[in-house]
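Chains as they are written, first to last, in the numbering used here: chain L, 23 to 376; chain A, 23 to 376.
Notes for the one structure printed next.
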C-alpha cells in the first residue's frame, strides 16, 4: 500500500533484524527448547508485509519529519511490526489455527515438536498453546521495550505510551468482541460488526502507527486527531475490502480457497448488511449451504450480490476517500499528509475485487 | 515471608489499585464485553500475597534506600505483582485450569459467559482462551508501562528494562521446559528440573525483584550480582518447599487436597531424586497408583520418604541459608541486606512440612 524509499525500508528491516536476532541468540543461550521458541518467535515476526512500520514512517515524513535526523524512528516503526506479530500469534492461538501462509505457525511447529518428543494429542495441544502464548508475550514485550528504550525525547515517549496503551486495550476489546459475535444464533447488527473491525484492526494497524509518526514529527494535537480519525476510517475500509476478498476474491488475490469466509460462515458487516434487506431469507438459505462446497459458495456469492450488500460494502469503502479529504481540510493538514491519506484510501479501494 | 511497614504496604496497595481501577474504567468505556474483561483482569491481579512487591521494597531499604524519597519505587514494586498476575493467567491457560483459589479464574469466568451467551462447548473453550490470552497481555503490558513511565532516573529505567527483558525470556524458557518435561516416558534428571524451577519461578519471583530494589537504591554491580545469585537460590528453595507441601503437606497448609502433586503425577525434583536411589522401583510402583485415591497417596508418600528423597529435598532447602550467608559475605553486602537474605532463607525453611 505504501512504498518507502530503499534507504528507509532498509532502516526498518535492520531495526527488526537486530531485535529478532538478539531474541534468537538470547533464547539459544537458555537451552534447546528455548532456542526452538526463539526461532519460532522470530519467524512469526519476519514474514510480514511491514505495512505498519511503513505507516509510521510515511506519516513522520508527511508531517515534515527528517528521516536523516530521527534516531528513534526506526525502532518505533519496528515496534509496530512486532506488536502486529504478537497479535497474530495470539489470534491464531484463539482461533485454533496451526498454519499461516501455508506453513506451520508457532502453535503448529510446537505441536509437531510435542509429537517428536513422544507426546500424545493432549501433549500436542498443551505444548502448542504454551509456545503460542509465550511467543506472543515475548513479541509484545519486545515491541514495548523498543519504544521504552528508543532514543526519543521524554514527552514523545510518554505520548507513544499513551498510544500503545490504547492500542493494547482497544485491540483486546475488538478481539474479544470478534469471538463473542460468533456465538449464538443471532447475527449482530452492522454497527457492532463495524465497531469490532475498528477496534480489532483499524486502531493498531492504521490509526496508531499514523499517529505515532505524526507525533514523532511534532504534529499539533488537532492534526494528530484528524490523522487518527482518517486512519481509523481507512482501517475499517481495509477490513471491509478484506471481507470482500475473503468472500468474492479469486484464489490469487485471497491467497487461499475462494470464498473462504463463506465456507467458515464468518459474520462480517457484508453479511449483516444483507440481513438488513428484504432478500435476506434467500441469502440466509444460500449462506447455510455455503460450507458444503464450491457450487454452494458460488450460489451464496450470487445471492449476496443480488441483495445489494456487496455494492453497499463497496460504497462504504469508497466513502473513505471523501471523508479523509474532508478531515484533512478541516484540520489544515500539510499537503503531504493530505496526499498520504488520499493515497491510502485509494490503495484500499484498489483491493476491492471487481 | 516479608512484613512491610503499614505505610509501605499502603503505598504498594495504592499503586496497584490505581493501575487496576484505571484499567477497569478504560475497559468499561469500550462496551459491555470489554468491561467484563477489565473486571476479570483486575480481579486476577487483586488477590495475591504481593510477595514480589515486598521483595522490591525490602531490598531497596536493605541497600540504604529511603522510602520517603523514592517516587518511582511503588510503581516498580506494583509492576512485579502485575507481571506475576500476567504469568499466572497465561500459566492457567496453558494448564487448562479454570479456577484459582477456589473461584473461576479469567478463563473460567469467560467459559461461563460463553454459556450465558448461548454458546456450545467449543464456544466456551474459544472465549475462555481468548479472555485469558488478552487478560495476560493487558497485565503484561501494564507491568511494562508502569516501569517505562515511572519517575526514576533514565539509567535506573534502562537497568530495570534489562531485568524485565531477562525476566520475560527466562520465565518463558522455564514455562516451556516445564511443559516439555511432562511429555514422554522418561523422567528428566534432577539438574534439569531444578533449572526449570529456577527459570520458571526463581528468576522473576525472587532474583529480579530483589535486584530491582537494590538497583533503585543505587547498589554496586557486584552487590547486585550477589543478591541476584542468593535470590535465585532462595527462589529454587521456595519452589522445592512448594513441592514438599504439594506432596506431603496438610490440607490446611496446601490449601487443596493433600498430595495433590502425587495425584497429578507431577514431575518435581523430589521425584527425580527418588529415581536416583536404589529404592526407585518401589517408589515408582507406588507413584503409579497414587492418582487412584487417598490410601495410595499415603503409600506413595511413605515410599518417597523411605527412599531418602524427602530428606534430600529438605537438605537442599536448608543449604540455601548457608549459601546466602556466604554470598553476602563475599560481596561485602550491607548488614541489612545480609539480614534480609537470611530472613528470606529462614522463611522458606519454615514452609517445609514436618
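Ideal Cβ placement from N, Cα and C applies to all residues, glycine included.
None of these values were measured; they are calculated from a predicted model.
Spatial neighbours of residue i within its chain, please: C-beta separation below 8 Å, excluding the five flanking residues on both sides.
i, result
"residue 289/L", "203, 204, 209, 210, 215"
"residue 375/A", "266, 267, 270, 271, 272, 275"
"residue 319/A", "280, 281, 284, 285, 312"
"residue 247/L", "353"
"residue 187/L", "none"
"residue 213/L", "none"
"residue 36/A", "96"
"residue 151/A", "115, 129"
"residue 299/A", "305, 329, 330, 331"
"residue 94/L", "172, 173, 174, 178, 238"
"residue 87/L", "95, 235, 238, 239, 240"
Report, in whole angstroms, the separation of the C-beta atoms of residue i and residue j, which I expect to be a contact under 8 Å.
i, j, result
"residue 34/A", "residue 99/A", "5 Å"
"residue 143/L", "residue 52/A", "So it is not a contact: roughly 37 Å between Cβ atoms."
"residue 59/L", "residue 149/A", "About 26 Å separates the two Cβ atoms, so there is no contact after all."
"residue 363/A", "residue 346/A", "4 Å"
"residue 29/L", "residue 101/L", "So it is not a contact: roughly 20 Å between Cβ atoms."
"residue 171/A", "residue 183/L", "6 Å"
"residue 45/A", "residue 226/A", "So it is not a contact: roughly 21 Å between Cβ atoms."
"residue 359/A", "residue 85/A", "6 Å"
"residue 79/A", "residue 235/A", "6 Å"
Please name the residue, chosen from the options, that lies closest to residue i on a Cα-to-Cα basis.
i, options, result
"residue 61/A", "47/A, 137/A, 361/A", "47/A"
"residue 123/A", "68/A, 361/A, 217/A", "68/A"
"residue 140/L", "85/A, 160/A, 206/A, 94/A", "206/A"
"residue 83/L", "32/L, 263/L, 237/L", "237/L"
"residue 107/A", "91/A, 160/A, 177/A, 334/A", "160/A"
"residue 356/A", "245/A, 30/A, 294/A, 138/A", "245/A"
"residue 192/A", "180/A, 171/A, 167/A, 224/A", "224/A"
"residue 117/L", "92/L, 87/L, 43/L, 155/L", "155/L"
"residue 153/L", "359/L, 57/L, 316/L", "57/L"
"residue 75/L", "89/L, 86/L, 103/L, 85/L", "103/L"
"residue 240/A", "178/A, 131/A, 41/A", "178/A"
"residue 180/A", "182/L, 167/L, 360/L, 70/L", "167/L"
"residue 292/L", "333/L, 234/L, 278/L", "333/L"
"residue 72/L", "228/L, 138/L, 278/L, 131/L", "228/L"
"residue 70/L", "50/L, 39/L, 49/L", "39/L"
"residue 169/L", "41/L, 89/L, 242/L, 132/L", "41/L"
"residue 337/L", "307/L, 372/L, 317/L, 324/L", "372/L"
"residue 26/L", "298/L, 89/L, 314/L, 220/L", "89/L"
"residue 132/A", "220/A, 55/A, 43/A, 278/A", "55/A"
So, for residue i: in the same chain, excluding its five sequence neighbours on each side, which residues have a beta-carbon less than 6 Å away from its beta-carbon?
i, result
"residue 309/A", "322"
"residue 343/L", "367"
"residue 200/A", "218, 222"
"residue 232/L", "77, 81, 249, 253"
"residue 230/L", "185, 189"
"residue 162/A", "108"
Going by beta carbon distance, what residues of the same chain come within less than 7 Å of residue i, once the five residues before and after it are set aside?
i, result
"residue 296/A", "302, 305, 326, 329, 331"
"residue 370/L", "256, 259, 260, 263, 339, 342"
"residue 145/L", "136"
"residue 126/L", "120, 134"
"residue 157/L", "59, 62, 63, 66, 111, 128"
"residue 251/A", "349"
"residue 114/L", "122, 127, 129, 154"
"residue 49/A", "56, 57, 59, 60"
Under 7 Å (Cβ pairs) to chain L, residues found in the segment 114-146 of chain A:
115, 116, 136, 139, 140, 141, 145
If the cut-off is 7 Å on Cβ atoms, which residues from the segment 186-213 of chain A count as contacting chain L, listed in chain order?
187, 190, 191, 192, 194, 195, 197, 198, 199, 201, 202, 205, 206, 207
Which of the residues in the segment 97-115 of chain L, read from start to end, lie with their CB under 7 Å from any CB of chain A?
112, 115
Taking only runs of the beta strand (DSSP E) that begin and end inside the segment 281-369 of chain A, which ones reach a length of at least 3 residues, in chain order?
none
Every unbroken beta strand (DSSP E) within the segment 191-248 of chain L, with a cutoff of 3 residues, ordered by chain
none
Where the segment 154-177 of chain A meets chain L: residues whose CB sits under 9 Å from a CB there
154, 155, 156, 157, 158, 159, 160, 162, 163, 164, 166, 167, 169, 170, 171, 176
Name, going along the chain, the residues of the segment 54-79 of chain A whose beta-carbon falls closer than 7 Å to a beta-carbon of chain L.
55, 56, 59
Along the segment 226-238 of chain L, where does the CB come closer than 7 Å to a CB of chain A? Name the residues.
none
What are the residues of the segment 25-39 of chain L that lie near chain A, defined by any Cβ-Cβ distance shorter than 9 Å?
none
Give the list of continuous alpha helix (DSSP H) stretches no shorter than 4 residues that lie fully inside the segment 92-133 of chain A.
95-117
Going along the segment 293-313 of chain A in order, which residues come within less than 8 Å of chain L, judged by CB to CB distance?
none
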